[in-house]
Each structure stands twice: as structure tokens, then as C-alpha cells.
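As numbered in this note's numbering, residues 208 to 814 make up the sequence shown, in order. Yeah, the Cβ is synthetic: ideal placement off N, Cα and C, and Gly gets one too.
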Amino acid sequence: IFFDDNPVVMTDTSHNVILIPSLVASSTCHDTMCRGGLLHCDATFTTINTSHYQWYKNTSPVGTDSTGFTGAAVVAGDSIKCVMRTIMDDTVYTTSNILHITERALPYPGTISGTSAVVCPGNMITLTDSVAGGTWGMAHTRATVTGGVVTGVTSGYDTALYTVTNICYPNTARFPFLVHALPDAGTISGFIAMCDTSAITLTDTVAGGTWYLSNTHAAISATGRVTGISGGRVTAFYRYTNMCGSDTASLAITVDSLVPLAVPAGPSSVCQGFGITLTGSVAGGAWSVANSHASVTSAGVVSGVTGGADTVIYTIVNTCGNFHNSKVVTVNPTLVPAVNVGVTPAAAICEGDSVVLTAAYINGGATPSFMWEKFGVAIGSGASMSYVPSIGDIVICKMVSNALCRSVDTVANSATMAVNPAVTPVITIVATPSDSIAYSGQLISFYSTTTYGGTSPTYQWYVNNVAVPGATSISYSRNVTYNDTIRCEMVSNASCVTSNTVASNSIVIYADYLAVHGLATGVRGISLFPNPNNGIFTLSGQVTGTNDAVGFDIMDITGKVVYSDVASPVNGAINVQVNLKGLLAPGQYMVRVVKGADVAVMHFVID
């Protein structure tokens with residue numbers, strides 16, 4: 208049926224499918240197919256009516272009522288056509304041209320050949336293919352390939368790929384190969400210590416290796432049995448080899464021997480608080496002590512803790528047994544040296560006397576040495592010495608100790624010499640009320656004042672140079688007559704006196720003066736005014752002979768001179784003012800006037 212008076216034939220030059228109905232239409236299909244591919248056709252037409260379609264593969268209908276068709280796989284020789292029916296007249300069929308299928312062959316990748324089918328990690332093999340133009344690749348990552356050169360990475364099987372591609376599909380050739388594992392010697396198991404008289408057996412986690420040793424301290428069999436020969440260190444090796452090389456495992460072994468230990472070397476004594484070092488005859492042992500008198504370190508340093516004897520033990524333990532030896536160490540206590548100075552005589556020392564100094568010491572050792580010094584100047588040596596001390600001497604004794612375990616080497620001590628000066632005892636007597644009497648037989652008391660008399664002096668009173676029986680106290684009273692002469696002798700028990708017995712001044716009794724007088728040819732008529740006084744008074748009197756200066760002393764009640772001066776007589780008379788105000792404390796005092804051998808004494812009071 209033609210809808211147009213001029214029918215039109217439409218052709219598709221690229222697909223060669225032509226529908227020639229009573230209207231214009233066309234269909235497209237590829238006439239060249241790759242082996243195993245699917246056919247796809249499209250019919251195109253120009254009409255004002257809707258049409259029905261039926262596709263045929265060879266003579267069998269395929270597809271559906273559609274302008275396109277995708278069929279099952281076709282092979283060479285198959286034919287494809289399309290029949291169209293119009294709606295206006297369902298009996299009118301228009302059949303397309305018949306498309307004959309030509310099969311296109313798949314690409315050929317050739318055959319891969321190589322230098323080896325096994326490669327080690329890090330090594331290379333070279334592959335080639337009989338067809339050019341392809342590309343290389345790997346099925347896995349156990350190796351890499353570049354331009355046909357394969358480099359092993361990790362052990363295992365892998366496949367080299369060579370791919371050639373055309374318009375249909377790519378096609379690939381395959382070359383399986385093995386990346387061989389590197390050798391692994393595994394791990395050695397077994398004892399790491401043995402005796403030189405025994406044997407041990409070693410094993411390894413990998414079979415097929417060989418055993419050997421580093422030296423001759425032991426021997427090893429092919430099965431790994433090690434026999435000790437001599438003490439020392441030896442290393443067992445296990446070597447495993449494959450095509451990729453060799454690998455070796457090792458195990459260090461100590462071959463021990465029987466240990467004959469000598470007594471530890473070093474000192475046999477130590478001071479408390481100090482240390483000594485002992486040495487074992489074989490290295491590598493352990494130190495210990497039997498009790499708590501000493502302690503010992505891992506290095507053999509023995510320290511004294513408390514006095515006494517301790518046993519220091521050195522022990523070696525190895526696979527051959529337990530071996531030890533010991534040494535007795537005496538811990539000596541710490542000694543503190545000291546020295547004192549002994550003085551003989553121990554009582555008071557008089558000026559000019561010789562004394563013996565003796566060093567009294569402890570912990571000086573067998574042969575201590577001594578040095579004696581006075582004010583830093585050496586005056587002697589030895590454990591004792593004698594010398595004549597002076598007043599105020601300080602003598603130091605230095606001792607250098609050589610005692611074992613002494614705390615210090617040198618100690619010192621001192622002694623101050625208690626030297627008493629040589630003194631002359633003095634006794635002075637006075638008469639009360641005076642040495643002048645108003646009548647014969649008047650009772651006069653005589654009092655003595657002593658200096659350096661000691662703690663218990665003795666006295667003897669004399670009248671007219673005759674000892675008075677029983678008159679042996681510090682004072683004496685009697686009824687005197689004109690011209691009696693009274694004196695007293697004292698025997699001193701004081702130390703360091705020039706003479707034990709001394710005589711006092713003599714008092715001559717006069718009848719014509721009411722004053723204290725000395726000898727008639729010396730000092731007479733001494734008076735002191737006022738009496739009592741405040742420390743200011745006038746001393747008067749008469750002297751005979753020359754007008755030479757006359758000395759006078761002020762003494763306290765004990766006889767100690769507290770003030771001295773001189774007076775110059777004028778025409779035989781003494782008249783001098785004395786000012787002691789503020790110098791002497793209130794109390795009883797005596798004034799003594801001396802001219803040559805003559806002495807006059809009288810009491811006065813400062814109030």
C-alpha cells in the first residue's frame with residue numbers, strides 16, 4: 208500500500224538493512240560479529256501508521272514486536288531479517304533485506320617462554336612472547352613484571368600475563384611460576400649450659416640442615432648431639448640451604464667444668480666501719496657471710512659491722528655442681544685514742560722545783576710516739592719527761608697512735624702548771640692600847656698579823672728574848688714594865704716559803720709616850736689624826752739619825768699591803784698628809800713606818 212504516488216527506496220550504507228514497504232523505512236544491524244557475541248538490530252521507517260514487526264534468525268522467529276532486536280549469540284552463516292505489517296492492512300507484509308553474519312576471529316596472544324619457572328625474592332627471570340604488541344601483567348602481587356622481566360617479591364605461586372587486544376576482545380597468554388621462599392634455618396632448641404663431662408641434644412624447627420660448632424670446647428654430631436670437652440663458651444650453628452641461598456641459626460652454650468676453688472685472696476682483718484676487698488680464684492662466683500659481724504657485696508668488698516670473727520664464703524654454681532671456699536675475717540672494733548698529762552708532784556709546785564710529766568694514754572697502739580710542747584715550742588719527747596716549770600706554763604702532750612682501727616691518728620691534751628712563787632713569811636705585832644705605859648705593870652695586849660703563814664702557823668712569844676712558856680697563840684697579853692721588849696716568832700706551814708721560821712718586829716715598852724714607837728734610836732712618837740677618818744689623815748712622828756726618806760705602808764687586817772709611799776723628815780720630824788679617800792673600803796687598817804731596821808705600827812679606822 209502506498210500512501211504516496213511516488214514510492215521511495217531508503218538505504219543505510221553503514222548497516223545494509225533495507226525495508227521496502229509501501230512506505231519509507233530502514234533497518235540497521237552489524238554484519239560482522241565477534242565469535243560468541245550478541246546481535247543487535249534496529250529498524251527505522253517513515254510512515255503515518257503504526258506498524259508491527261517480526262524478526263527472524265535464519266527462518267525462526269526471534270524477538271518481539273519492536274523496532275529493535277537483540278538476539279542470542281550468532282555464528283558465521285546466520286541470517287537476520289525483519290518483516291513489517293501495516294495497521295491499515297494487516298495482511299500486507301514488508302520484508303527487510305536479509306543480513307548475513309560474518310564471524311570475526313578473537314585475537315591470538317601467542318605463547319610465553321622464560322629462562323626459569325622459579326625465581327627467588329629479589330632475583331629476576333626474563334619472559335618473552337611469540338606475538339608482538341601485547342602488554343605484561345601479574346595475576347597476583349608475589350612478583351612484579353616490567354617489559355617481561357619478572358622480579359620476585361614474596362614466596363608463593365603467581366602467573367605472568369601477556370595480553371593482546373583487537374576490535375572484538377583482549378586475549379591473554381599465561382605463564383605460571385613459583386617465587387621460591389628464602390632459606391630459613393628455624394630456631395635451635397636445647398640446653399644452653401652443660402658440663403664438660405656430659406652431653407646434650409639440640410633440635411631445630413627446620414629439617415634438612417647441617418650442624419657445626421664455633422670452637423673445640425665441645426663436639427657435635429650430625430643429629431645435633433653436643434658432647435662437652437673443656438670449660439668455655441661455644442656456639443652451636445645450624446645451616447639450612449635452598450636454591451635461594453643459606454641461612455644459619457645459632458645458640459650460645461656454656462660448657463662448665465669442675466671448679467677447684469682456692470681460699471679467697473685478701474686481708475684477714477677489717478676495721479669496724481671500714482672495708483677490704485677479697486678476690487675469688489675463679490671469676491663469676493657469689494659472696495656471702497656466715498654471720499652479722501661483717502657484710503659483703505657482690506664485688507667481694509667486706510665491711511666490718513661489729514667486732515668479732517666472721518666467715519666470708521665464695522661460691523661457684525654451674526651445671527657441674529656447687530663449689531665453695533671460705534676465709535675467716537676478724538672485725539676489729541674502732542679504737543678512740545686519748546692522752547692525759549700527769550704531773551708529779553701532784554700537789555702545789557714551788558717556783559724553781561722540777562716536775563715529771565707523764566703521758567697517761569689509751570689506744571696508742573704498740574709503739575705510739577709523743578711530743579711535748581710549751582706555748583707551741585717543743586720541749587721534749589717520749590712517754591715522760593722532767594722540767595722546771597714557770598708560773599703560768601701550759602704544757603701540751605701530743606700522741607700519734609699506731610693502734611689498729613684507730614679513729615684518729617693524733618690526739619692531744621694539756622696541763623696548766625700550778626706553780627707557786629717563792630714567798631717569805633712575815634709576822635708583825637702591835638700593842639694595845641700602845642707601847643707606852645702610864646705605870647709599871649700595866650696590862651698590854653699584843654696582836655700579830657701574818658703574811659704567808661699558811662693554813663695553821665704556830666707562834667712563840669718572847670719577852671726580853673726569853674721564850675714565854677705557853678705563849679703560843681696568835682696574841683699575847685702581859686703586865687709590862689718599863690723597857691720590856693716583846694717579839695713573836697712564827698713557824699709557817701705555807702707552801703713555797705723561803706724560810707719556815709720568821710721573827711716579828713720588837714716592841715719596846717716606854718713610859719713617857721702615849722703612842723706606838725719603834726726602837727728608841729729609830730722611829731718614835733708616830734701619830735695618825737684624825738682616827739677614825741674618811742681616808743684622809745695626817746701621819747706624824749719623830750725619827751732619829753739622818754733625814755733620809757722614811758717609807759710607810761698601809762695594810763689591811765690580814766697584813767696585805769694596799770698602799771705604799773715615802774715621807775721626807777724635816778729636822779727629824781715627819782708630817783705628811785695621806786689621801787686614800789675612794790681607794791680603800793671602810794674597815795680596820797694599819798700603818799707601818801719603816802726607817803732602816805726600825806719599824807713602828809699603829810691601828811686606824813676608815814669609816
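By the Cβ criterion, the segment 329 to 346 is in contact with the segment 367 to 381, since at least three pairs of Cβ atoms, one from each stretch, lie closer than 8 angstroms. In this structure, the alpha-carbon of alanine 497 lies about 40 angstroms from that of alanine 619. Residue Leu791 holds the alpha-carbon nearest to the alpha-carbon of asparagine 741 among Tyr315, Ser362 and Leu791. Tyrosine 683 sits in a strand when the DSSP states are folded into three classes. The shortest CA-to-CA distance from phenylalanine 744 to any of Tyr796, Gly583 and Gly752 is the one to Tyr796. Per the C-alpha coordinates, the member of Ser682, Thr692, Tyr717 and Ile681 positioned closest to valine 673 is Thr692. Membership of proline 383 in the beta strand (DSSP E) is indicated by the continuous run 377 to 386. Within the same chain, Cβ atoms closer than 7 angstroms to the Cβ of asparagine 609 are found at Gly572, Ala573, Thr574 and Pro575, the five residues on either side in sequence being excluded.
Shown here for alanine 380: same chain residues with a beta carbon closer than 7 angstroms to its own, the five before and five after excluded, namely Pro316, Gly317, Thr318, Ile319, Asp336 and Tyr369 in chain order. Rounded to the nearest angstrom, the Cβ distance from leucine 458 to isoleucine 395 is 4 angstroms, consistent with a contact under 8 angstroms. Assignment of asparagine 700 by DSSP, reduced to helix, strand and coil, places it in the coil class. For the set Ser273, Cys612 and Ala774, the Cα lying nearest the Cα of glycine 514 is the one of Cys612. Linking alanine 585 to valine 602 through their CA atoms gives a straight-line distance of about 10 angstroms. Bridge pairing for glutamate 580: Ala585 and Ile603 [DSSP]. Looking from the CA of valine 386, the closest CA among Thr404, Gly732, Ala350 and Ile399 belongs to Ala350. With a cutoff of 8 angstroms on beta-carbon distance, serine 421 and serine 464 are scored as not near each other. For glutamine 795, the enclosing beta strand (DSSP E) has its first and last residue at 794 to 802.
Closest in alpha carbon position to valine 550, among Pro776, Gly732, Val519 and Ser593, is Ser593. Restricting attention to Val326, Ile332, Gly354 and Ser510, the CA atom closest to the CA of alanine 339 is found in Gly354. Tyrosine 646 and aspartate 772 have their C-alpha atoms spaced approximately 35 angstroms apart. Going by beta carbons, methionine 697 and tyrosine 666 fall inside the 8 angstroms limit. Under the 8 angstroms Cβ criterion, the segment 414 to 432 does not count as touching the segment 463 to 483, having fewer than three qualifying pairs. Judged by pairs of C-beta atoms under 8 angstroms, the segment 510 to 524 does not touch the segment 441 to 460, as fewer than three such pairs exist. One thing to note: cysteine 478 has its Cβ within 8 angstroms of the Cβ of threonine 541. For a cut-off of 8 angstroms, the C-beta gap from threonine 679 to tyrosine 659 is around 19 angstroms, too long to register as a contact. Here histidine 810 carries a strand assignment [DSSP, helix/strand/coil]. In the structure shown, glycine 507 adopts coil according to DSSP, grouped into three states.
Within the same chain, Cβ atoms closer than 8 angstroms to the Cβ of serine 682 are found at Ser652, Phe653, Tyr654 and Ser655, the five residues on either side in sequence being excluded. In the structure shown, proline 328 adopts extended strand secondary structure according to DSSP, grouped into three states.
Shortest Cα-Cα distance from threonine 518 to any of Thr526, Gly507 and Asn525 involves Gly507. Straight across, the Cα-Cα distance linking threonine 522 with aspartate 616 is about 38 angstroms.
For proline 544, the closest C-alpha among the options Lys605, Cys375, Ala493 and Ala554 is that of Lys605. Its chain contains Gln749, Val750, Thr751 and Asn754 as the residues whose beta carbon lies nearer than 8 angstroms to that of glycine 779, once the 5 sequence neighbours on both sides are disregarded; these appear in chain order. Secondary-structure assignment with DSSP links valine 673 through a beta bridge to Val670. In terms of Cβ geometry, alanine 425 and valine 462 form a close pair [threshold 8 angstroms]. Here serine 597 has Val626 as same chain residues with Cβ atoms under 7 angstroms from its own Cβ, once five neighbours each way along the sequence are excluded.
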